[in-house]
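Asks: Encoded as structure tokens, here's the structure I'll be asking about.
Residue numbers (this note's numbering): 28 to 109.
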């Protein structure tokens, strides 16, 4: 029974990993702000800008996927020690 649960969790972890990678790549680029930080520009890197719309959804989805990945990883570690 534990072997079956372990195998199912491995498959779920792989799916969550792929979804996390896709969600990271789908987020809007903030490359200009990073370039300004190194060049001394006054970009909006340190401004308190709140994400809106698609950007906010992608940030939340990515955070949920990372949290889920960590929880599944922890459960897999616990199952592998038994």
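Ideal Cβ placement from N, Cα and C applies to all residues, glycine included.
Need the endpoints of the alpha helix (DSSP H) that residue 87 sits in, please.
Replies: 81-107
Asks: Counting C-beta neighbours from all protein chains within 10 Å, is the total for residue 53 16 or more, i.e. buried, or is it exposed?
Replies: Of the residues assessed, residue 53 falls on the exposed side of the cut-off, its CB having fewer than 16 other CB atoms within 10 angstroms.
Asks: Leaving out five residues before and five after residue 78 in sequence, what residues of the same chain have Cβ atoms less than 6 Å from its Cβ?
Replies: 86
Asks: Ignore the nearest five residues each way along the sequence and tell me which others in residue 47's own chain have a CB closer than 7 Å to its CB.
Replies: Result list for residue 47: 89, 92, 93 and 96, in chain order.
Asks: Is the separation between the beta-carbon of residue 40 and that of residue 99 shorter than 8 Å?
Replies: yes
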